[in-house]
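Some notes on the structure that comes next.
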Amino acid sequence: MTTPVPAPSPSPGIRSFLADDDVSSAEQREILELAARLKAERHAERPYAGPQCVAIIFDKPTLRTQVSFTTGVAELGGYPLMVDGNLAKIGSRESVADVARVLGRQVSAIVWRTFHQSDLEGMAQWSGVPVVNALTDDFHPCQAMADLLTIAEHTGGLAASGPALAGRTLAYVGDGSNNMGHSYLLSGALAGMDVHLGCPPDFGPRPDVLARAEAIARETGAHVSVHEDLRLAVVGADAVATDTWVSMGQEGESDKREEVFAPYQLDSALLDLADPEAVVLHCLPAYRGKEITSEVLDGPRAVIWDEAENRLHAQKAILTFLASARERARERG
Ligand code: NVA
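Per this note's numbering, the sequence shown starts with residue 186, numbered consecutively.
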């Protein structure tokens, strides 16, 4: 679908969170500290009081993201306006640019789960309001933020001086080319963590994303690496994460993927290579007996329910951060 005129210049001060590295390392830390504060004091911030509407749109299935964003917007004093992606058919019934201009005249922010990262970028360009990535094929930055919060909590890291993630090692095994693989690389590097991916040949991260993570790692003192031998990725890790082998939209490739990924299962023997205190993360939904065994997922080192809850706190912090940026821009005139 074509857009008739060139995109407008970005509105000054309007920030979006489309990928993990849309925030600096210091800003990521600020968001994590705010998330920890909001976890302790759920109604401490009300930047969407009014209530201001936040449009929440899903073009793919959801449970955690819908619940955590609707709850989160309400707790921030706003009104979570669910827009049915199946009815709106953004990009086919009408262009992203046209939808963006309609929404941008009415709502204070837009949260969108869709397929193409470029559509999300179009929404941010044309709407003139903050846009949050609630998962695309390329990135899942809200999940990664929640995961960093969870790792920090469980590695003794939410001290007064902030989340102590720098120098920790995060291992991710499975599909390095999917949204979680990409987001762990960028967010972990921003946090100064060593991020090790263990993935089959042809399922490593996209080269441009890996290059972005390497550039960030050079700045933060982190180290990122990709291994075909998943044991090399996991050895000594402080946190071990995995994700489905078949992401939403890839259902047609299930048989082939299950064959390729079978040796990349997270089981107890693999976990034994990690640090003895290592925590296990999974963004859910999980497929027991596929990417992870029940023994590990339901075992004592899994922190998946904390991780799922932390979506709420992390996303409230992200929305608060974006509202503050908008307010600062307004004050500057
Ligand atoms: N990689 C998964 C993440 C689900 C939260 C997917 O995109 O389906």
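In this text, a Cβ means the ideal position worked out from N, Cα and C, and glycines have one as well.
* To do: Would you mind stating whether Pro265 and Thr255 have Cβ atoms separated by less than 7 angstroms?
  => yes
* Asked: Could you give the distance in angstroms between the alpha-carbon of Arg513 and the alpha-carbon of Asp460?
  -> 43 angstroms
* To do: Sort out for me which residues DSSP pairs Ser410 with in a bridge.
  => His381
* Take Gly388 and list the residues in its own chain whose beta-carbon comes closer than 6 angstroms to its own, dropping the five residues that flank it on each side. => A small fix is needed here, since residue 388 is Phe in this sequence, not Gly. Counting only Cβ-Cβ distances below 6 angstroms, and skipping sequence neighbours, we find Asp360, Gly361 and Ser362.
* Asked: Of the choices Val208, Pro191 and Ala220, whose alpha-carbon is the least far from that of His498?
  -> Ala220
* Asked: Would you say Ser439 touches the ligand NVA, meaning its beta carbon is less than 6 angstroms from a heavy atom?
  -> no
* Asked: Relative to the C-alpha of Ser372, which residue among Tyr357, Ala234, Gly383 and Cys384 is closest?
  -> Tyr357
* **Close beta carbons around Asp428, own chain, < 8 angstroms, minus the five adjacent residues each side** => Tyr357, Gly359, Asp360, Asn363, Met365, Gly366, His467, Cys468 and Glu476
* Asked: Looking at C-alpha atoms only, which residue of Met308, Val419, Gly263 and Val296 is the closest neighbour of Ala454?
  -> Val419
* Going by the C-beta, is Met330 closer than 6 angstroms to any heavy atom of the ligand NVA? -> no
* To do: Please name the residue in Val208, Ala229 and Val190 whose C-alpha comes closest to that of Ile503.
  => Val208
* **At least three beta-carbon pairs within less than 8 angstroms, the region 300–312 to the region 200–214** => yes
* Just reading off the beta strand (DSSP E) that Cys238 is part of, what are its end residues? -> Cys238 to Phe243
* Asked: In the structure shown, what three-state DSSP assignment does Val420 receive?
  -> coil
* To do: Could you tell me the distance, in whole angstroms, from the CA atom of Leu217 to the CA atom of Leu334?
  => 6 angstroms
* To do: Assign Pro447 to buried or exposed, taking buried as 16 or more other Cβ atoms, counted over all protein chains shown, within 10 Å of its Cβ.
  => What sits at residue 447 in the sequence shown is Ala, not Pro. It is exposed - the Cβ of Ala447 has fewer than 16 other Cβ atoms within 10 Å.
* Considering only residues of the region 231–282, which uninterrupted beta strand (DSSP E) runs meet the minimum length of 3 residues and lie entirely inside it, listed in chain order? -> 238–243 and 264–269
* To do: Sort out for me which residues DSSP pairs Asn318 with in a bridge.
  => Trp297
* Burial state of Asp483, where buried means 16 or more other Cβ atoms lie within 10 Å -> exposed
* Find the nearest neighbour of Asp269 within the set Ala240, Pro386 and Val281, judged by alpha-carbon distance. => Ala240
* **Continuous alpha helix (DSSP H) stretch holding Thr505: start and end** => Ile489 to Arg517
* Asked: For Val317, is the classification buried or exposed, using 16 other Cβ atoms within 10 angstroms of its Cβ as the cut-off for buried?
  -> buried
* Is the beta carbon of Thr354 less than 7 angstroms from the beta carbon of Ala400? -> no
* Since Glu215 contacts Phe506 with CB under 8 angstroms, what's their CB separation in whole angstroms? -> 7 angstroms
* Asked: In whole angstroms, what is the alpha-carbon distance linking Val411 and Pro191?
  -> 39 angstroms
* Label Asn271 either buried or exposed according to how many other C-beta atoms from any shown protein chain fall within 10 Å of its C-beta, with 16 as the threshold for buried. => exposed
* With hydrogens ignored, establish whether the beta-carbon of Met267 is closer than 6 angstroms to any heavy atom of the ligand NVA. => no
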